[in-house]
Amino acid sequence: MTGDDGPTDDEGSSVADADRGPAGGVEVADGRTEGRRALAQGTFDLLHPGHVHYLQEAAARGDELHAVVARSSNVDHKEPPILSAAQRREMVAAVEPVDEAHCGHPEDIFVPVERIDPDVIVLGHDQHHDEDAIAAALAERGIDCAVERASPRPDGDDLLVSTRTIVERILDRRG
């Protein structure tokens, strides 16, 4: 696999959940905050229960959840993703709380944020991003948006909640 993420002119093309209607017309589950657009972002490689927990918690902070999937070229803080951005976006779009899934911009991670115009960006509990640095970058661009961090998923017996642990287990068992 080449790790190709498809065309680089994709500035956040999306996969919307057709069953829930267009943005703004979404029926929300009990407990979701009405009138707010939430944004979750991440690599989302080898989708696992930790990702689902993060997306559920992000969805609870708004009545519309947009998920931005990082392009492989932007993932420089860990091993490169196994799946392409398009494949990862397709999987994230299929997760129930996600209203719309987007591929990130190949050069500027804030382009999708500007286009989506969220009320809150919810960072994963263990993501490498610094809330204050993100908030400062948003303010510099004139984007009025809260930055919050999700809670970790409680661990369970034999629960795989990171791509790294999934890969390690595969190598241990099948390597």
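Mapping of the sequence shown onto our numbering: residues -10 to 164, in sequence order.
Here a beta-carbon is modelled for each residue, glycine too, at the ideal position from N, C-alpha and C.
Through-space distance from residue j to residue i, alpha-carbon basis
{"i": "Tyr43", "j": "Glu103", "result": "22 Å"}
{"i": "Asp144", "j": "Arg163", "result": "24 Å"}
{"i": "Asp161", "j": "Ser151", "result": "15 Å"}
{"i": "Asp106", "j": "Ile132", "result": "8 Å"}
{"i": "His91", "j": "Ile159", "result": "29 Å"}
{"i": "Ile123", "j": "His55", "result": "17 Å"}
{"i": "Glu120", "j": "Ala59", "result": "18 Å"}
{"i": "Glu16", "j": "Pro86", "result": "Confidence at Glu16 is low in this model, with a pLDDT of 44, below 50, so the placement of that residue is unreliable and no value is reported for it."}
{"i": "Asp115", "j": "Gln76", "result": "23 Å"}
{"i": "Glu137", "j": "His118", "result": "11 Å"}
{"i": "Leu72", "j": "Ala139", "result": "24 Å"}
{"i": "Val74", "j": "Arg142", "result": "Correcting the residue type first, residue 74 is Ala in the shown sequence and not Val. About 24 Å."}
{"i": "Thr154", "j": "Gly113", "result": "17 Å"}
{"i": "Leu148", "j": "Ile98", "result": "31 Å"}
{"i": "Glu68", "j": "Glu89", "result": "26 Å"}
Supposed contact pair residue j and residue i - C-beta distance, whole angstroms, cut 8 Å
{"i": "Val57", "j": "Gly93", "result": "5 Å"}
{"i": "Glu46", "j": "Val111", "result": "7 Å"}
{"i": "Val109", "j": "Cys134", "result": "7 Å"}
{"i": "Met61", "j": "Pro70", "result": "Correcting the residue type first, residue 61 is Ser in the shown sequence and not Met. The Cβ separation is near 5 Å, so the contact holds."}
Buried versus exposed, by CB contacts within 10 Å (16 or more), residue i
{"i": "Asp65", "result": "exposed"}
{"i": "Glu157", "result": "exposed"}
{"i": "Asp34", "result": "buried"}
{"i": "Pro38", "result": "exposed"}
{"i": "Glu96", "result": "exposed"}
heavy atom of the ligand GTP below 7 Å from residue i C-beta
{"i": "Phe33", "result": "Ligands are entirely absent from the displayed structure, and the ligand GTP is therefore not among its contents."}
Is it a yes or a no for the region 46 to 62 touching the region 23 to 32, going by three-plus beta-carbon pairs under 8 Å? yes
Tell me whether the region 119 to 137 and the region 62 to 81 touch, counting them as touching only if at least three CB pairs, one residue from each stretch, are closer than 8 Å. no
Which residue spans inside the region 18 to 90 form an unbroken beta strand (DSSP E) run of at least 3? 26 to 31 and 53 to 58
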